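**Q** I have a structure I would like to understand better, so I am pasting it below and will then ask my questions one at a time.
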Amino acid sequence: MQALFFTLLQVVAVALLADFVAGVIHWLEDAYIREDTPWIGASIGKANTIHHFLPRYMTRHNWWQSSWDLLLIAVVVVLTAWGLGRLTWQVWLFVAIGMNANQVHKWSHRTRAENGACINFFQDLRVLQTSAHHGVHHTNPKDVRYCPITNLLNPVLDLLGFWSALEWVLAKVFRLHRRPDASIPGNGPDPLWLPALRAEPPPVR
């Protein structure tokens, strides 16, 4: 019984770690990556901007379109753990949860009818992040609730001012400042491509 409890405790810890790492990635994208960011602006930067203007647009994407970047990170983690001789079940679980963070994120933007009984069940149990919880992230100024997998970490991190503290450190040490989010009124003009996206018909399901 003690071994089972310890294993379950590790499962929860790994899941929360994956949620935290996904939150860090989400925060970096929101705070510092824009369309003009070298190398990744045209892909990750634009996709993130689209998401802030049109949050439900991501529900049109398949698994690969939503998760290719997380899959690449997962491959690096697995290869690194393998090279160090540390490819444990905990690493596999971390990778499995982490590379699906955007899928859980996507589910929080879908309706209950779109999600189906299974996803709704786990959202109702608060095992997966709920739409109401994540919706706060899309409330201006969009600088809280970055962790996308569970409802557990965000209240603690936001209460501690964790993300604003990180931004303060980066600004003081590296002179790296949070960049304006054009989806927030007063932060700049809308992207030129936005009207065309808004005019797109909904996908046929």
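So for the sequence shown, the numbering used here puts the first residue at 5; every next one is plus one.
The C-beta atom is built at its ideal place from N, Cα and C for all residues, glycine as well.
Quantities reported herein were computed from a predicted structural model and do not represent experimental measurements.
Can you tell me whether Met5 is buried or exposed? The criterion is at least 16 other CB atoms within 10 Å of its CB, across all chains shown.
**A** Within the sequence shown, numbered from 1, the residue matching residue 5 stands at position 1. Exposed, because fewer than 16 other Cβ atoms sit within 10 Å of the Cβ of Met5.
**Q** Identify whether Gln190 lies in helix, strand or coil by the three-state DSSP scheme.
**A** Position 186 of the sequence shown, counting from 1, holds the residue named residue 190. In the sequence as presented, Gln is not what sits at residue 190; that position holds Gly. The answer is coil: DSSP assigns Gly190 none of H, G, I, E or B.
**Q** Going by C-alpha to C-alpha distance, which of Trp86, Gly87, Gln94 sits closest to Leu211?
**A** Nothing about residue 211 can be read from this structure; the chain reaches only from 5 to 209.
**Q** Are the Cβ atoms of Phe150 and His141 separated by less than 8 angstroms?
**A** Along the sequence shown, one-based indexing puts residue 150 at 146. Along the sequence shown, one-based indexing puts residue 141 at 137. Before going on, a small fix: residue 150 reads as Tyr here, not Phe. Taking 8 angstroms as the Cβ cut-off, Tyr150 and His141 qualify as a contacting pair.
**Q** Looking at chain E, is there any beta carbon in it that lies within less than 8 angstroms of the beta carbon of Leu97?
**A** Absent here is chain E; the protein component of the structure consists of one chain.
**Q** Can you find the residues in the same chain that come closer than 8 angstroms, C-beta to C-beta, to Met103, ignoring five residues on each side of it along the sequence?
**A** Your numbering for residue 103 matches position 99 in the sequence shown. Around Met103: Ser71, Leu74, Leu75, Ile77, Ala78.
**Q** Compare the C-alpha of Lys146 against each of Asn155, His55, Glu118, Ser47 and name the closest.
**A** As a first step, residue 146 is located in the sequence shown; it is residue number 142 there, counting from the start. For Lys146, the nearest C-alpha among the options comes from His55.
**Q** Go ahead and pull the three-state DSSP assignment for Met103.
**A** For the purposes of this step, residue 103 is taken as residue 99 along the sequence shown, with counting starting at 1. It is coil, neither helix nor strand.
**Q** Using three-state DSSP, classify Ile48 as helix, strand or coil.
**A** Numbered from its first residue, the sequence shown carries residue 48 at position 44. It is helical.
**Q** Can you tell me whether Ala136 is buried or exposed, with buried defined as 16 or more other CB within 10 angstroms of its CB?
**A** Looking up residue 136 in the sequence shown gives position 132. Burial call: exposed.
**Q** How many angstroms separate the CA atom of Glu171 from the CA atom of Leu32?
**A** One-based indexing of the sequence shown puts residue 171 at position 167. One-based indexing of the sequence shown puts residue 32 at position 28. Taking the straight line joining both Cα atoms gives about 10 angstroms.
**Q** Taking Gln107 as the reference, give the member of Gly89, Thr154, Trp86, Arg179 with the closest Cα.
**A** Numbered from 1 along the sequence shown, position 103 holds the residue referred to as residue 107. The residue with the shortest Cα to Cα distance from Gln107 is Thr154.
**Q** Looking at Thr53: is its Cβ nearer than 8 angstroms to the Cβ of Pro195?
**A** Working through the sequence shown from its first residue, we reach residue 53 at position 49. Working through the sequence shown from its first residue, we reach residue 195 at position 191. For Thr53 and Pro195, yes; Cβs fall inside 8 angstroms.
**Q** Under a Cβ-count criterion, where at least 16 other Cβ atoms within 10 Å of its own Cβ denotes burial, should Asp128 be classed as buried or exposed?
**A** Translated into positions along the sequence shown, residue 128 becomes position 124. Its Cβ having fewer than 16 others within 10 Å, Asp128 is exposed.
**Q** Mind checking Val16: buried by the 16 CB within 10 Å criterion, or exposed?
**A** What you label residue 16 is simply residue 12 of the sequence shown in a count that begins at 1. Per the 10 Å Cβ criterion, exposed.
**Q** Return the Cβ separation of Ala35 and Arg182 in integer angstroms, given the expectation that the two are a contact with Cβ distance under 8 angstroms.
**A** Working through the sequence shown from its first residue, we reach residue 35 at position 31. Working through the sequence shown from its first residue, we reach residue 182 at position 178. Sure, about 5 angstroms apart at Cβ, within 8 angstroms.
**Q** In chain order, what residues of the same chain lie with their CB nearer than 8 angstroms to the CB of Ala46, ignoring the 5 residues before and after it?
**A** Here residue 46 is taken as the residue at index 42 of the sequence shown, counted from 1. Once the five neighbours on either side are set aside, the close Cβ partners of Ala46 are Glu39.
**Q** Look up Leu76 in the DSSP assignment and say whether it is helix, strand or coil.
**A** Counting from 1 along the sequence shown, the entry for residue 76 is found at position 72. Helix at Leu76.
**Q** If distances are taken between C-alpha atoms only, which option among Ala186, Gly120, His65, Leu198 comes closest to Lys110?
**A** Position 106 of the sequence shown holds residue 110. Among Ala186, Gly120, His65, Leu198, the Cα nearest to that of Lys110 is on His65.
**Q** Looking at the secondary structure, which residues open and close the alpha helix (DSSP H) in which Tyr36 lies?
**A** Residue numbering aside, residue 36 sits at position 32 when the sequence shown is read from its first letter. Tyr36 -> alpha helix (DSSP H) spans 6-36.
**Q** Taking the beta carbon of Ile188 as the centre, do at least 16 other beta carbons fall within 10 Å, making it buried, or is it exposed?
**A** The residue you call residue 188 lines up with position 184 of the sequence shown. Ile188 comes out exposed.
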